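Top line first, the protein sequences correspond to chains A and S. Residue numbers for the first sequence follow the numbering used here, so the first one is 473 and each next one is one higher. Residue numbers for the second sequence follow the numbering used here, so the first one is 315 and each next one is one higher. Note that the Cβ used here is the ideal one computed from N, Cα and C, for glycine as well. Quick caveat: nothing in here was measured; it's all calculated off a predicted structure.
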Amino acid sequence: MIALIAETLTGLFTPPFRRKEFFQQLYFVGNKSLVIVVFCVCFAAVVTILESSFHMKMVIQNDSMVPGFAALLILRELGAIVSALLLSSRVGAGYASEVGSMQITEQIDALKMLGIDPVNYLVVPRFLACVLGGMMITIVANMACIFSAMAVSQLYLGYTPSMFLTSMQRFVDFKDLIFAMIKGACFGGVIPLVACYFGFRCQQGAEGVGRATTNTVVVSSIAIIVIDFILSYTFSYLY
Amino acid sequence: MSIISLQDVTVNFEDHTVLKSIQLEIPAGESFVIVGPSGQGKTTLLKVMAGLVTPQNGKVFVEQKEWITLSRKERLSVLKKVGILFQKNALFDSLTCVQNISFPLRETTELSDWEITKKAEYFLDAVGIPHARDLYPDEISGGMQKRLGIARALALDPEIIFYDDPTAGLDPITSRKIIELILKLKREKGSTIVAITNDMNRAFQMADRIGMVVDQELVITGNPEQTKNHADPRVHQFVRGLLQGPLTATP
Numbered sequence: 473m474i475a476l477i478a479e480t481l482t483g484l485f486t487p488p489f490r491r492k493e494f495f496q497q498l499y500f501v502g503n504k505s506l507v508i509v510v511f512c513v514c515f516a517a518v519v520t521i522l523e524s525s526f527h528m529k530m531v532i533q534n535d536s537m538v539p540g541f542a543a544l545l546i547l548r549e550l551g552a553i554v555s556a557l558l559l560s561s562r563v564g565a566g567y568a569s570e571v572g573s574m575q576i577t578e579q580i581d582a583l584k585m586l587g588i589d590p591v592n593y594l595v596v597p598r599f600l601a602c603v604l605g606g607m608m609i610t611i612v613a614n615m616a617c618i619f620s621a622m623a624v625s626q627l628y629l630g631y632t633p634s635m636f637l638t639s640m641q642r643f644v645d646f647k648d649l650i651f652a653m654i655k656g657a658c659f660g661g662v663i664p665l666v667a668c669y670f671g672f673r674c675q676q677g678a679e680g681v682g683r684a685t686t687n688t689v690v691v692s693s694i695a696i697i698v699i700d701f702i703l704s705y706t707f708s709y710l711y
Numbered sequence: 315m316s317i318i319s320l321q322d323v324t325v326n327f328e329d330h331t332v333l334k335s336i337q338l339e340i341p342a343g344e345s346f347v348i349v350g351p352s353g354q355g356k357t358t359l360l361k362v363m364a365g366l367v368t369p370q371n372g373k374v375f376v377e378q379k380e381w382i383t384l385s386r387k388e389r390l391s392v393l394k395k396v397g398i399l400f401q402k403n404a405l406f407d408s409l410t411c412v413q414n415i416s417f418p419l420r421e422t423t424e425l426s427d428w429e430i431t432k433k434a435e436y437f438l439d440a441v442g443i444p445h446a447r448d449l450y451p452d453e454i455s456g457g458m459q460k461r462l463g464i465a466r467a468l469a470l471d472p473e474i475i476f477y478d479d480p481t482a483g484l485d486p487i488t489s490r491k492i493i494e495l496i497l498k499l500k501r502e503k504g505s506t507i508v509a510i511t512n513d514m515n516r517a518f519q520m521a522d523r524i525g526m527v528v529d530q531e532l533v534i535t536g537n538p539e540q541t542k543n544h545a546d547p548r549v550h551q552f553v554r555g556l557l558q559g560p561l562t563a564t565p
């Protein structure tokens, strides 16, 4: 895995630079995942608002801080991590099965025999697309989250959008958005590395591809949660 | 002058020795055919020659250059002279037939798009599947996939071509046609061929010299006539397809 990471990072600065593959992957990661991610994070935001309100009312008999608190939670955690976990199951599983199938059908060997570095051809464009795509999806997911939180706050808690935004301004800083983008990029980068690692190591047969796909989703989800902890801990010193 | 040379090559997979102290010299322009029972290491031997498997011991030279010592740039220049047809064809399933042939040209040459397309169409014609131009590998028959694999292997005008079981799974008539195609292209290009097959008729049709991989070793059995009359009982049994003998059939 360390060797793959090193080769990928080296490949970022080693020609040929594969623009076509990069844009194809960016389309796959960004455009084709967006609807699913936005749909899911909106529901996550609604649940956050309702649960926060319920618990705040129970403890301090007042839910006026819910919009700000929820917005902070969305920007710092929810948008990035829910998006990344969804991407790991959609994009990561797709990559693992694609690369795994190429491995067992000797297409990877065919690439090598054509003088094409499989890491440069397969991993680098996917890595770049996922880093950039992860970052962009996190921004969009956060915006969708905030809007759905705003909508549910008005519908169920009676806070108007201007009240929501005022409350949000008290809690949320521009730094939160930057940190969310950094998280999105890091989570995005993990997914293709794990997927291609298991894809390249795929054993013969459909069972091997299935195992590579399962391992990718499990390991990348764990890695995302661990990296989330590390980044949150690091960012806590920067506020 | 040998274009491929193996010196004392040993390959182990985990704790299992697949090939032991293999010695082989293949002169330029020769058609060398590897035969042998299933699971004895024929494909591994081919992959060692092609640089896809690194032996634990011994040296592998292609065009007098040792694979393992080559820099990335040197390796690329040697690979441009090597073509390979894999056992399962290894066609890129996301690309159409013409794109499968264009792909190595696009990646490794400076040709214009027009020249690449023309050359790819020429090879599709040469292997007799011009009508499959815009079809995907999954949409064509096994025989056509073999032909497409051969066309891709030949796209860069290689000096050495490796064929891993080019007639596997094909009917006898198509098999014969494929071998005739391989030999026709060899005559036109003057390339060196290393091929694996389990079909002795096709081996005799194709080979200048035959080697049999058995019990971790490579037995050079000579030309087809010498192979038919070889004294080694394992060769005798395999060539004639006898049930009785030192070789045991793998289920």
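Quick check on DSSP: helix, strand or coil for residue i?
i: Ser560(A); result: helix
i: Leu339(S); result: According to the sequence displayed, residue 339(S) carries Glu and not Leu. It is a strand residue.
i: Phe707(A); result: helix
i: Pro565(S); result: Below a pLDDT of 50, predicted positions are generally treated as unreliable, and Pro565(S), at 48, falls in that range; the measurement from the model is reported next regardless. The answer is coil: DSSP assigns Pro565(S) none of H, G, I, E or B.
i: Arg673(A); result: coil
i: Val441(S); result: coil
i: Glu502(S); result: helix
i: Thr324(S); result: strand
i: Asp700(A); result: helix
i: Thr535(S); result: strand
i: Ala478(A); result: helix
i: Thr577(A); result: coil
i: Leu571(A); result: The amino acid occupying residue 571(A) in the given sequence is Val; Leu does not appear at that position. Val571(A) falls in the helix class under three-state DSSP.
i: Phe375(S); result: strand
i: Ile588(A); result: coil
i: Met360(S); result: First, the residue type needs correcting, since residue 360(S) is Leu and not Met in the sequence shown. Three-state result, Leu360(S): helix.
i: Tyr436(S); result: helix
i: Phe346(S); result: strand
With a cut-off of 8 Å on the beta carbons, I'd call residue i and residue j a contact; round off their distance for me.
i: Ile443(S); j: Leu462(S); result: 6 Å
i: Thr688(A); j: Ala565(A); result: 6 Å
i: Pro590(A); j: Ile580(A); result: 5 Å
i: Leu495(S); j: Ile464(S); result: 7 Å
i: Val323(S); j: Leu333(S); result: 6 Å
i: Leu476(A); j: Val595(A); result: 7 Å
i: Ser416(A); j: Ala623(A); result: With chain A represented from 473 up to 711, any question about residue 416(A) goes unanswered, as that position is not in the structure.
Hey, residue i and residue j: beta-carbon distance below 7 Å or not?
i: Ala552(A); j: Lys655(A); result: yes
i: Ile699(A); j: Cys658(A); result: yes
i: Ser319(S); j: Glu344(S); result: no
i: Gly661(A); j: Val571(A); result: no
i: Ile415(S); j: Arg466(S); result: yes
i: Lys356(S); j: Val527(S); result: yes
i: Ser639(A); j: Cys514(A); result: no
i: Pro664(A); j: Phe707(A); result: no
i: Gly397(S); j: Leu468(S); result: yes
What does the Cβ neighbour count give for residue i, buried or exposed, with the cut at 16 atoms within 10 Å?
i: Tyr631(A); result: buried
i: Met315(S); result: exposed
i: His527(A); result: exposed
i: Met473(A); result: exposed
i: Trp428(S); result: exposed
i: Thr481(S); result: buried
i: Leu484(A); result: exposed
i: Ile650(A); result: exposed
i: Asp513(S); result: buried
| Near-chain S residues of the segment 576–604 of chain A - C-beta to any C-beta below 7 Å | Thr577, Glu578, Gln579, Asp581, Ala582, Lys584, Met585, Leu586, Gly587 and Ile588
| Using Cβ-Cβ distances below 7 Å, what residues of the segment 391–414 of chain S are close to chain A? | Leu393, Lys394, Val396, Ile398, Phe400, Lys402, Ala404 and Phe406
| message | Taking beta-carbon pairs under 9 Å, can you tell me which members of the segment 343–377 of chain S lie near chain A? | response | Lys361, Ala364, Gly365 and Leu366
| query | In the segment 417–450 of chain S, which residues sit with their C-beta less than 9 Å from some C-beta in chain A, listed in chain order? | reply | Phe417, Pro418, Glu421 and Thr422
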